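Respectively, the protein sequence lines represent chains A and B.
For what it's worth, my numbering labels the leading residue of the first sequence as 1, then goes sequentially.
For what it's worth, my numbering labels the leading residue of the second sequence as 1, then goes sequentially.
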Amino acid sequence: MKPAPFDYVAPRTVEEAVDHLTRHGADARVLAGGQSLVRLMNTRLATPAVLVDINRIDGLDGIALENGSLRIGALARQRAAELSEVVHNEASLLAQASAHVAHASVRRRGTVVGSIAFADPSAELPAALLALDGEAIVTGPDSERTVAAADLFTGAFETSLREGELISAIRVPRRPDAGAAWTEVARREGDLPVCGAGALVTLDANGAIASARIALCGVGATPVRAMAVEEALTGAEPTEDAIVAAAERAARDLDPPSDPHGSAAYRRHLAVAMTRRSVLRAAERAREGAANA
Amino acid sequence: MPEKVRLSITVNGVEHDVLVEPRTLLLDFLRDELDLKGAHAGCEHGVCAACTVLVDGEATRSCLMFVAQLDGAAVRTVESLAAADGTLHPIQQAFMQEHGLQCGFCTPGMLMAACELLEHTPMPEPDDVREALGGNICRCTGYQNIVNAVCAAGPLLAANVGTPTAPPAQGVSA
């Protein structure tokens, strides 16, 4: 298998990268870890005329707290996020979801931001970003802007990025108070999930659920919030019965695809099951957190 | 035609100054340009890991990297493991001893992934091996003997002193 011919550029700064992207528009693709893009190029499902390799840009691999939120640079590898103490402490869901991406050797190359920009509807990290209410920091030819996760994913493998724009980092609000859990079902360990769910649960002083945020992957063209479940949970006691009942709402508004990995009916079933499991675990962790505080 | 890229890459300790088409995959470069056929072309899209080599010490699917990305990088392939006289590297000995291969197609990738694991975890437990080699597909062995082999390689390596990514210098007994 051979990729179609392309021109290769390795800019040293974000500005230079944006310049290449602006000049070549839709003919250009960004190369970060390459673990998704190069496989598409090998099978010629992607045939960019210009490959903009951002790996030579210094300072893009940071994972750090900045003004009260967690910032993850475009070259931070999934493995680094998975093992990062600050990610575990401040946005544990992202670390948990990262650990489910493919295999360790792939995660050492693959980047968190690359997976988000690739916008595979089955992938973990776009859904985790949505559950965490994160945002993309987007650098374009004229300015920098932020795009909330809810506005970023517009379709399967499609984002609201404009030509010439690059996601230089993502920003995720600190959620040290929230119990977090990622669960998924994949055909084999390391495969993309058929369906996955990430949940964040906080408890109030009386132990009732103060807030719940849940996002699912594998059930539509984009990651989706399970808002009906979130509403049902807010203010409820975090009992198993209440969570099981609320999770039943997860499939209500879904119209998932059928493909060889799973039928629409199976995905709807999984949406409920993954929601239930992730919320049960997240609530348990929120309780443990409160007990240890 | 796109402009070729000039770069320097070290493979198994030998530096090469090369001029490559941007689309040249590391896997094809190793096999076709350097005649190193150890890294195997299996699926060629990042699924099977038979093409795994070490890039700056990290187990990497060579079908998912372009040579153009590797200016200044050091690559090790399975050919770097055995000594010039054919003496097997302890990891290879362990695979032989534990029947960690049958047809052998996946073995170069397994060995290089094991190299990386043993560099960081000299005495791995079975779960460590499953984590590190979980992305490498084998259609013969059922995996158990591969896990046994990598676990057995730890003590063999310790007895041999050499480190997995820096095998005994060629022609010098360890």
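Yeah, the Cβ is synthetic: ideal placement off N, Cα and C, and Gly gets one too.
For clarity, every value in this text was computed on a predicted model and none was experimentally measured.
Item to check | CA-to-CA distance, C217/A to R187/A, given in whole angstroms | outcome: 15 Å
Checklist entry - What distance in whole Å lies between the Cβ atoms of A104/A and R77/A, which are believed to be in contact at a cut-off of 8 Å? => result Wrong, their Cβ atoms sit about 11 Å apart, outside the cutoff.
Next on the checklist: Between which residues of its own chain and G190/A is the CB-CB distance below 7 Å, once the five residues before and five after are set aside?
Outcome noted: A102 and H103
Checklist entry - What's the gap between the Cα of L25/B and the Cα of G235/A? => result 55 Å
Checklist entry - Relative to the C-alpha of V78/B, which residue among E131/B, H120/B, L111/B and D128/B is closest? => result L111/B
Checklist entry - Taking just the CA atoms, how far does V47/B sit from G186/B? => result Nothing about residue 186/B can be reported from this structure: the residues present for chain B run from 1 to 174 only.
Checklist entry - Going by beta carbon distance, what residues of the same chain come within less than 6 Å of L19/B, once the five residues before and after it are set aside? => result K4 and R6
Next on the checklist: I'd like the list of long-range same chain contacts for Q170/B, defined as Cβ closer than 7 Å, with 5 residues on each side in sequence excluded.
Outcome noted: In this prediction, Q170/B has a pLDDT of 41, which is less than 50 and means its spatial position is unreliable; what the coordinates show is noted afterwards. Contacts found: A83 and A84.
Checklist entry - Around the Cβ of N292/A, are there at least 16 other Cβ atoms within 10 angstroms (buried) or fewer (exposed)? => result Label assigned to N292/A: exposed.
Item to check | Selected residue, minimal CA-CA separation from I167/A, among P176/A, A180/A and S143/A | outcome: S143/A
Next on the checklist: One question on the structure: do P108/B and H40/B come within less than 7 Å of each other, judged by their Cβ atoms?
Outcome noted: Cβ atoms of P108/B and H40/B: closer than 7 Å.
Checklist entry - Who are the near neighbours of E248/A in its chain, counting only those whose CB is closer than 7 Å to its CB and skipping five residues on each side? => result If we look at E248/A and ignore the five residues flanking it on each side, its Cβ neighbours are V272.
Item to check | Those runs of the beta strand (DSSP E) which lie wholly inside the region 17-72 of chain A and span at least 3 residues | outcome: The region 17-72 of chain A contains these whole beta strand (DSSP E) runs: 28-31, 50-53 and 63-66.
Next on the checklist: Let's test the definition: count the other Cβ atoms within 10 Å of the Cβ of T47/A and tell me whether it reaches 16, buried, or not, exposed.
Outcome noted: It counts as exposed.
Item to check | Reference P155/B, options C140/B, Q144/B and E125/B, closest by Cα | outcome: E125/B
Checklist entry - Count the other CB atoms within 10 Å of the CB of P260/A; is the residue buried (16 or more) or exposed (fewer)? => result exposed
Checklist entry - For S211/A, which residues in chain B fall below 7 Å Cβ to Cβ? => result Those within 7 Å of S211/A in chain B number zero; the least Cβ separation is about 34 Å.
Next on the checklist: Just to check my reading of the structure: N148/B and G72/B have Cβ atoms closer than 8 Å, yes? What is that Cβ distance to the nearest angstrom?
Outcome noted: With a Cβ gap of about 38 Å, N148/B and G72/B do not count as contacting.
Next on the checklist: My assumption, with CB atoms under 8 Å, is that V219/A sits in contact with P256/A. Please give the rounded CB distance.
Outcome noted: Rounded, the Cβ-Cβ distance is 4 Å, consistent with contact.
Item to check | Q69/B at chain A interface by Cβ criterion, 7 Å | outcome: yes
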